[in-house]
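Please read the structure below before turning to the comments.
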Amino acid sequence: NCCIISGIPGIGKTTLAEILSIYYLDQGYQIIPIRSDIREAIKTYRPEGKQFFLYDDFLGSTALEMKTNKNEGKELLSFLRHISRQKGKKFILTTREYILNQARLSYEEFARQDFDYNKCMISLEDYTKADRARILYNHLYFYHVPKDCIQDLLADGRIMEIIDHPNYSPRLIEAVTNLFHLPDSSRFYDFFMDTLSHPNKLWENAFRRQISPAAKDLLLLL
135 NCCIISGIPG IGKTTLAEIL SIYYLDQGYQ IIPIRSDIRE AIKTYRPEGK QFFLYDDFLG
195 STALEMKTNK NEGKELLSFL RHISRQKGKK FILTTREYIL NQARLSYEEF ARQDFDYNKC
255 MISLEDYTKA DRARILYNHL YFYHVPKDCI QDLLADGRIM EIIDHPNYSP RLIEAVTNLF
315 HLPDSSRFYD FFMDTLSHPN KLWENAFRRQ ISPAAKDLLL LL
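If you read the sequence shown in my numbering, its first letter stands for residue 135, the second for the next number, and so on.
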C-alpha cells in the first residue's frame, strides 16, 4: 500500500506519482495531497472509504532544507506502517535519492527503517528510446512549439541526436520547449543541442543556492 518514488531531479518522480493518482481516482479513491507535513494526512484519515495520500518531496526539495522536525519523522514512519496494514488505503511519497540517503545518515528513525522493500527508484536508463521520443513529442505538441522549429529538428533525422543525447532528461526537454525563449526557427536544433550539452540554466540555481560551499568546491574540482 506504500511506495517511495526516488531518483535524480527532473527524472519524472512527481509525474509518475500524479499518474498513479489519476489511476486510483478512477478506482474510486479520494485523493489527498499533503502540502506541508504528515499531520495533514493524519487529520484527513478515515477508517472507512478508499483514500490515496500523495506526499511530494516529503523530505524537502534540497539537502539544505531537509526537514528536521523529529516528530515529523516519527509520525511519518508510524503512518507508513499503519497504512501498509489497511485495505483501501494507498500512500505514495516522492524524494530525491540523495536526500533520502542523507536522511538515513542524519536521523536514527530513518536509519532503522528499511525503505528498499517499498521503494521505486527511477533512473535515466529506465527510459527506452521510444519513451524518450514520446516525452519529446508531448512537449513539442502541448507547448505549441511552432512547426518551423519542429521542421528544423526533423531535418536529416537529427532529432535522434536529441533523443540519444547523454544529458537527456524530461526536465531539460521541458526547459527548452517551455521555459526558454524560442530562438529563430532555423536555429532551433542548434539551440536545443547547446542547451543539452551545456545545461547551465537548469542547474545554476541549484548550484548557487541549494548546496553547501564544500559541495560547490567538490563539484568544481570534479
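C-beta: ideal position from N, C-alpha, C; glycine also.
Under the DSSP assignment, Lys-224 falls in the beta strand (DSSP E) whose first and last residues are 223 to 230.
Contact fails between the stretch 216 to 228 and the stretch 256 to 268, because fewer than three Cβ pairs, one in each stretch, are under 8 Å apart. Between Phe-326 and Leu-287, the CB-CB gap stays under 8 Å.
Straight across, the Cα-Cα distance linking Leu-356 with Asp-328 is about 21 Å. When DSSP reads this structure, Gln-344 sits in no beta bridge, so it has no partner. Between Gly-146 and Pro-304, the gap from beta carbon to beta carbon is short of 8 Å.
When DSSP assignments are scanned along the stretch 206 to 292, the uninterrupted stretches of beta strand (DSSP E) that are 3 or more residues long and fall wholly within it turn out to be 223 to 230, 253 to 256. Sequence-distant partners of Lys-223 (beyond 5 residues in either direction) whose C-beta falls short of 7 Å from its own C-beta, in its chain, are Asn-135, Gln-185, Ile-217. DSSP, read as helix, strand or coil, puts Pro-167 in strand.
Close CB contacts of Leu-154 within its chain, under the 7 Å cut and outside five residues either way in sequence, are with Ile-226 (chain order).
According to DSSP, residue pairing for Leu-306 in a beta bridge does not occur.
Nearest to Glu-209 by C-alpha distance, out of Ile-269, Val-310, Glu-174, is Glu-174. Bounds of the alpha helix (DSSP H) holding Phe-326 are 322 to 331.
Of the residues assessed, Thr-229 falls on the buried side of the cut-off, its CB having 16 or more other CB atoms within 10 angstroms.
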